[in-house]
Structures are given as structure tokens and as C-alpha cells.
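J.:
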Amino acid sequence: MKSVFKDVDEMCISYGQWSRDNPGTAYPSMQPFMREASFEDRYKVLPMNDELGMTIHEKLLIMQKISPLLFEVFMRKYVGREKPIKIQIAMNIARDSYKRYLFAAKQSLLLMLSENQCIFLA
């Protein structure tokens with residue numbers, strides 16, 4: 802599985818968009834000449850193919866079983882698109898903890914996605 806994403810943040814944002822995407826509900830842009838909206842008008846991220854989206858979804862389900870806290874922070878941030886302060890209040894965590902949990906969730910996801918491509922050295 803080859804990824805076109807430059808970094809894990811871009812991939813996470815794209816996954817959030819992919820998981821919320823409702824085909825057929827995007828409206829054309831409202832311009833005086835009523836042109837059809839392009840992909841760039843609708844979304845600010847690269848599209849994610851279904852194969853990669855489902856692979857990430859499977860890895861997130863594993864994360865949910867292992868560390869529900871990391872999973873919740875990830876899902877609230879990227880799928881729910883909640884603001885960091887709202888996540889911190891809802892989960893009753895400090896700002897530093899929020900940043901650590903989000904970093905750990907993204908790194909865990911990246912590690913799980915590359916599990917068959919990594920060589921661990923002692």
C-alpha cells in the first residue's frame with residue numbers, strides 16, 4: 802500500500818474527511834457564472850482512496866481496544882473536527898496531555914500502518 806501523503810497530519814485530516822464524506826451532497830460553488838465546483842473548491846486536503854481509508858479504520862479499531870483514550874482524542878480531533886479546547890474540557894485533560902495523547906495516537910497509527918515495512922533494531 803503506497804501512500805501519497807507527505808506527513809501523518811495530512812493523512813489524518815484526509816481520513817477525517819473521508820470518514821465524513823457523503824457522496825452526492827456537495828453543492829456547486831455559488832459564482833455569478835454558476836460553474837461546477839471542483840474538488841479543490843470543496844476540500845482542502847488530498848482525497849483518500851477507500852482501500853487506505855478502510856486500512857486506517859481497521860488500525861483505529863485496534864487502537865480503540867488497546868488505548869481508548871488515544872482513540873477518543875484522535876476521533877474527536879479529526880473525525881469530529883472539535884476544537885482542542887472543547888476536547889480538553891469534554892475529556893477533562895490538560896493542554897499538555899491533549900498534545901501528548903494526539904501525538905501518541907498519530908505515531909501509533911503510523912507505526913501500525915508501517916508494521917510490515919519496518920525493521921526494528923536493538
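Numbering-wise (this note's numbering), the sequence shown opens with residue 802 and increments by one.
Every residue, glycine too, gets a C-beta built ideally from N, C-alpha and C.
Anyone know if the C-beta pair for Ala906 and Val874 falls short of 8 Å?
T.: As a position in the sequence shown, residue 906 is number 105, starting the count at 1. As a position in the sequence shown, residue 874 is number 73, starting the count at 1. Yes, the pair counts as a contact, with Cβ atoms nearer than the cut-off.
J.: Roughly how many angstroms lie between the CA atoms of Glu852 and Arg882, to the nearest whole one?
T.: Residue numbering aside, residue 852 sits at position 51 when the sequence shown is read from its first letter. Residue numbering aside, residue 882 sits at position 81 when the sequence shown is read from its first letter. Rounded to the nearest angstrom, the two C-alpha atoms are 23 Å apart.
J.: Spatial neighbours of Asp808 within its chain, please: CB distance less than 7 Å, with the 5 preceding and 5 following residues excluded, ordered by chain position.
T.: Within the sequence shown, numbered from 1, the residue matching residue 808 stands at position 7. Counting only Cβ-Cβ distances below 7 Å, and skipping sequence neighbours, we find nothing.
J.: Alpha helix (DSSP H) containing Ala905: first to last residue?
T.: As a first step, residue 905 must be located in the sequence shown, where it is residue number 104. It spans 896 to 914 - the alpha helix (DSSP H) in which Ala905 sits, taken as one unbroken run.
J.: By how many angstroms is the C-alpha of Asn850 removed from the C-alpha of Pro869?
T.: Taking the sequence shown and counting its residues from 1, one reaches residue 869 at position 68. Taking the sequence shown and counting its residues from 1, one reaches residue 850 at position 49. Going from the Cα of Pro869 to the Cα of Asn850 covers about 26 Å.
J.: Within a Cβ cutoff of 7 Å, which residues of the same chain sit near Tyr899, ignoring the five residues on either side of it in sequence?
T.: Taking the first residue of the sequence shown as position 1, residue 899 is located at position 98. Contacts found: Val874, Pro885, Ile888, Gln889.
J.: Tell whether a beta-carbon distance below 8 Å holds between Cys813 and Tyr902.
T.: For the purposes of this step, residue 813 is taken as residue 12 along the sequence shown, with counting starting at 1. For the purposes of this step, residue 902 is taken as residue 101 along the sequence shown, with counting starting at 1. No, the pair does not count as a contact, with Cβ atoms beyond the cut-off.
J.: Quick check: what's the CA-CA separation for Leu861 versus Gly817?
T.: Indexing the sequence shown from 1 puts residue 861 at position 60. Indexing the sequence shown from 1 puts residue 817 at position 16. One C-alpha to the other measures close to 12 Å.
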